[in-house]
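Each residue of the sequence shown is one higher than the one before, counting from 1 in UniProt numbering.
Data block below; observations after.
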Amino acid sequence: MSQDRVVYLPEFVVEEHLGRRLPEAIGQEFDYNGHRYRVRQRDPLRPEAEIPCELIEQPHERKMARSKSRRR
């Protein structure tokens with residue numbers, strides 16, 4: 001997984017959408033602002049207050065990427 005797909009969201013957003021707190025939320029997926037995210041574990045060496053979440057590629061994004069590569 002690449003770091004450019006990681007987004008830091010406020011803890012209350014993650015808790016509100018999943019209905020659970022960390023660490024139970026790690027690995028869970030949720031929808032927020034039209035995107036799908038997977039909760040990642042915090043890096044103990046980073047003092048961030050927000051939760052790292054991986055942006056999950058949607059099926060329509062994969063189709064678009066394939067069609068763009070075919071046009072070239």
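From the three backbone atoms N, C-alpha and C, an ideal C-beta is built for every residue, glycine too.
Since we're looking at a predicted model, the values are computed, not measured.
Is it right to say Tyr37 is buried, meaning 16 or more other beta carbons lie within 10 angstroms of its own, or is it exposed?
buried
Using only the alpha-carbon positions, how far apart do Glu16 and Gly34 sit?
16 Å
Range of the contiguous beta strand (DSSP E) that encloses Tyr48:
It is worth fixing the name first, because residue 48 is Glu in this sequence and not Tyr. From DSSP, Glu48 is part of no beta strand (DSSP E); its letter is neither H nor E.
Would you kindly work out how many angstroms separate the C-alpha atoms of Arg20 and Arg46, rounded to a whole number?
22 Å
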